[in-house]
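Number 721 marks the last residue of the sequence shown (my numbering); no jumps.
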Amino acid sequence: MYQEQRLSKMLELLQDKKQLAAKDMMDYFQVSKDTIRRDFSILSDRRLVRRTHGGIIPLEKSQQIPSFNDRISQLTQEKKAIAAKARDFLKPGQVSFFDVSTVVLHLAQRIELPMTIYSHSLDNAIMLSSQEQVDFHLLGGKFHPKNRFYYALNEAELLEQTSFDTAFIGAASIRDGLVSFEDPEDAHLKKLALKHAKTKILLAEQAKQHKDSSYILGTISDFDYWITDQQPSPEVEELLAGQVTIIY
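Below, the structure written as structure tokens:
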């Protein structure tokens, strides 16, 4: 069994058992103590588990990223306010990338202009399917149910031939200035979209600074604009001064 397969299985076991001991994992996978220690270390570094003496336990709920459906009901007014500000960047005839994000879904609800939109989000597709003025392109592939997006390598590579006027990107976490996500496939697709976008716009609430996620897209300063729900701390503003325009 490959390492990534072991890591996935450990996370699956952890959901049921709530605690995994190194010795039990050695017996389960028939591997050495050093191998299990390395596996535990990787899961901890990815902020998916917490190390304990001789094992691992799940992260506290407050540090975990909830599912897409759970996130829809959280901070609704803040997300609507961010989407309202992002709407100012929509122009007739432009080509845009819309991320799989609850904030971006609020933005999709506000579209009244003729434009072309690419997205890998099931919910964006449903929302925009009745908008006759929108030329919508769904990037298909394998469906990831927790965060409700599609991914396939050949579909993602279509973005290499597409130039976007704007890319609207959400975030699972912006801890320490790093924009990160739960799924490597999701992060890869966003990276391709940003690579070919003239204007890069991050839509993320301040609360995302207290979340943990594993796969890094880049830094906040990689974006042209960061639209958020309230003024960042003086330390964050000073760190990002001259690198990104913050709108709140």
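Cβ coordinates follow ideal geometry from the N, Cα and C atoms, glycine included.
In this structure, the straight-line span from the alpha carbon of Ser706 to that of Asn620 is close to 29 Å. With respect to the C-alpha of Tyr591, the residue from Phe622, Gly528, Asp561 having the closest C-alpha is Phe622.
In terms of Cα proximity to Ile720, the closest of Glu633, Phe562, Ser481, Ile599 is Phe562. Residue range 707-713 is occupied by the alpha helix (DSSP H) that includes Pro707. DSSP places Arg648 in no beta strand (DSSP E); its state is neither H nor E. The distance from the Cβ of Val576 to that of Ala556 is about 6 Å, consistent with a contact at the 8 Å cut-off. In the DSSP annotation of this structure, the continuous segment of the beta strand (DSSP E) that includes Asp608 starts and ends at 607-611. The residue from Ala680, Leu712, Glu708 with its alpha-carbon nearest to that of Thr701 is Ala680. Counting along the chain, no beta strand (DSSP E) covers Phe696, and no H or E run does either. The shortest CA-to-CA distance from Ala629 to any of Ile642, His617, Ser653, Ala666 is the one to Ala666.
If you compare the alpha carbons of Ala645, Ile674, Gly715, Thr525 with that of Ser569, the shortest gap goes to Ile674. Within the same chain, Tyr623, Tyr624, Asp656, Glu658, Asp659 come within 8 Å of His617 by CB-CB distance, once the 5 residues on both sides are set aside. Annotation for Ile642: the continuous beta strand (DSSP E) segment containing it runs 637-642. Judged by DSSP secondary structure, Ser592 falls within the beta strand (DSSP E) whose first and last residues are 588-592. Rounded to whole angstroms, the Cβ separation of Ile515 and Leu480 is 6 Å, and the two are in contact under 8 Å.
For Val568, the secondary structure class from DSSP, reduced to helix, strand or coil, is strand. DSSP, reduced to helix, strand and coil, places Ile509 within a helical segment of the structure shown. Taking a 10 Å sphere around the C-beta of Ser603, we find fewer than 16 other C-beta atoms and assign the residue as exposed.
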